[in-house]
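First up is the structure itself, then whatever we jot down about it.
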Amino acid sequence: MKVAAVLSLSAAVAHAKVSVGVLRSLETTGTSDVLISFVGADLESLAESKHEDRRQAVYDALTAHSATTRTESASVLDSADCEHFWIAPAAICRGLTKEKIDQVARLPNVKSVAFPDNVQLIEPVLNEELSVKAGEVNATVPQWGVTTTGAPDIWKYYKGKGVVVGSIDTGAEYRHESLKNNWRANKGWFNPYNGTLFPLPVDSARHGTHTIGTMVGSHGIGVAPEAQWIACMGLYIREGSPEALLKCGEFMLCPTRLDGTHPECKLGADVINNSWGSTKGYHPVYEDMVTSWRAAGITPIFSNGNAGPKCGTTGNPGMFTRVISVGAVGSAQKDPNQLAAFSSKGPGYPRDANNQTLTIVKPDISAPGYPTLSANARVLDGYVLMAGTSMAAPHIAGIVALLKSAQSDLTYDEIYGYLTKTADREVLK
């Protein structure tokens, strides 16, 4: 009886690790693709590493842990069609049977077995393609959103020099007049969808070009115009696969050549803007990715979402405790004291290390996002108005770049404190 009870408990624990999406796929097709999340590496000890050494130390720890995880799961997964990742302890496997999935779930180092749902671009609520013609922007006058952040007040001291800003978005039009002079060409572009077919940055939906412009563009559109930028196409047109996003996460921490070889961690991003998310529920791999970034000294910025005005509409990963999520302020009259109606609201409901649901305040901060004039990927000297939390988050990423330009070894907590304690705390309309 004791043996039977133990076996029954083991089966129940294994079954609890498997998501409803996987079970539905098994029911309809007999097999399922899966996104496996493994127990993560211990990165706590690396917090004491010197700032200049920490990124490489984190990379070494993560890749070593990934190799160990792969060895520990080899008896089950070696015969399967799987791709492993190191930025998060994860693997994506194709066409697994129920028997194979049961074997995976029983592995002691497996946390969860989920369906690899794509995530979505946080679509702008305003996209006036022809709103501003080429040559109509006064390059000497900062845009209202840039001015509202207070960035021009410190430009005589710092403009982002020495900082690398990362973009995980729809790509980038590197030839735009406001972006062409500060794209870092050396390991500054990665396309997980088409690999080496596009050796230079391209934008699949014009969104990434706009957000990068707000972070670092010249001609008055960027918050930190002397920072360099790198980009990874995590989203192809309007959605992104888990494989692409995890590869982008790896690239941002330790950039490589176009084929993914020759990693060079010292070239990684200092702050990463992410205008993507999902409403399909929490998955630990993205939180593990963020944890890896944080351990390496990278500041993760996420849009809070455009699903307002109701409460509890913050998406993932914006609701995570370990990211700075950004809501949008503004109006048709560019009123910085007006909360944009579309801006998602908290609370957020992430999970802790014991898989227990938390309730936390979100967004962490709000920034100008309605409307925002920035680079138009369709016209190399043109500009376009967009609105959304996707436009707000890059303003904060740019502010982080200015802070790190002033002091490169600022911690996440110090940056969070600077942002939240110096923000305008008046009640929004």
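Numbered by mature numbering (1 follows the signal peptide of the UniProt record, and there is no 0), the letters in the sequence shown go through residues -16 to -1, 1 to 413 in order.
From the three backbone atoms N, C-alpha and C, an ideal C-beta is built for every residue, glycine too.
In terms of residues, what are the limits of the beta strand (DSSP E) holding T356? If you look at T356, you'll find it in the beta strand (DSSP E) that goes 356 to 359.
Excluding sequence positions up to five away, which residues of its chain have a Cβ less than 7 angstroms from the Cβ of N102? Same-chain partners within the cutoff: E223, G224, S225.
Assign C216 to one of two classes, buried (16 or more other C-beta atoms within 10 Å of its C-beta) or exposed (fewer than that). Burial state of C216 is buried, judged by a 10 Å Cβ sphere holding 16 or more other Cβ atoms.
Distance, Cα to Cα, G314 vs L61? Linking G314 to L61 through their CA atoms gives a straight-line distance of about 50 angstroms.
Quick one: what does DSSP say E32 is sitting in, helix, strand or coil? If DSSP states are grouped into helix, strand and coil, E32 belongs with the helices.
Considering just the uninterrupted stretch of the beta strand (DSSP E) at G314, what are its terminal residues? Here the beta strand (DSSP E) through G314 covers 308 to 314.
Ranges of the beta strand (DSSP E) found wholly within the segment 133 to 166, counting only runs of at least 3: Segments of the beta strand (DSSP E) lying fully in the segment 133 to 166: 148 to 153.
Host alpha helix (DSSP H) of M273 (start-end): That run of the alpha helix (DSSP H) goes 268 to 279.
Helix or strand or just coil, what does DSSP make of A81? Correcting the residue identity first, residue 81 is Thr in this sequence and not Ala. Correct three-state label for T81: strand.
Starting from I380, trace the alpha helix (DSSP H) in both directions and tell me its first and last residue. DSSP places I380 inside the alpha helix (DSSP H), whose first and last residues are 373 to 390.
Entirely enclosed alpha helix (DSSP H) segments - the segment 216 to 241, minimum 4 residues: Every unbroken stretch of the alpha helix (DSSP H) spanning 4 or more residues and falling wholly within the segment 216 to 241 is given here in chain order: 226 to 237.
Pull up the distance between the alpha-carbon of T131 and that of I285, whole angstroms please. Each residue's alpha carbon lies about 20 angstroms from the other.
Burial state of T373 (16 or more Cβ within 10 Å): Around the beta-carbon of T373, 16 or more other beta-carbon atoms lie within 10 Å, marking it buried.
On the three-state DSSP scale, how would you describe C66? C66 sits in a strand when the DSSP states are folded into three classes.
Is I152 closer than 8 angstroms to M236 when the C-beta atoms are compared? Contact flag set, yes.
Roughly how many whole angstroms lie between the Cα atoms of residue 429 and V384? Because the chain is modelled from -16 through 413, residue 429 falls outside the range shown and cannot be assessed.
Pull up the distance between the alpha-carbon of G261 and that of I380, whole angstroms please. Straight-line Cα distance between these residues: approximately 17 angstroms.
Should the segment 361 to 369 be regarded as contacting the segment 300 to 307, the criterion being three or more beta carbon pairs within less than 8 angstroms? When Cβ pairs closer than 8 angstroms are counted between the two stretches, the segment 361 to 369 is seen not to touch the segment 300 to 307, the count staying below three.
Selected residue, minimal CA-CA separation from E210, among W167, N178, H194, R190: Taking only the C-alpha atoms, the option nearest E210 is W167.
Along the chain, where does the alpha helix (DSSP H) that runs through I399 open and close? Under the DSSP assignment, I399 falls in the alpha helix (DSSP H) whose first and last residues are 396 to 406.
Sort out for me which residues DSSP pairs Q212 with in a bridge. Paired residue(s): V148.
Straight-line gap, N111 to L323 (C-alpha atoms, nearest Å): Taking the straight line joining both Cα atoms gives about 19 angstroms.
Nearest-angstrom Cα separation, counted from G299 out to A(-12): Low local confidence applies: a pLDDT of 42 at A(-12) is under 50, so the model's placement there is unreliable, and no value is given.
Does the pairing of the segment 6 to 20 with the segment 249 to 260 give three or more beta-carbon distances under 8 angstroms? Too few Cβ pairs lie closer than 8 angstroms, so no.
Using 8 angstroms as the threshold, is the C-beta distance between S328 and T356 below it? Not a contact, by the Cβ cut-off of 8 angstroms.
Near R38, what residues of its chain come up, given a Cβ to Cβ distance below 7 angstroms and the 5 sequence neighbours on each side ignored? Answer for R38: L30, A280, G281, listed in chain order.
Limits of the alpha helix (DSSP H) - the one that S59 falls within: Annotation: the continuous alpha helix (DSSP H) that includes S59 extends over 58 to 61.
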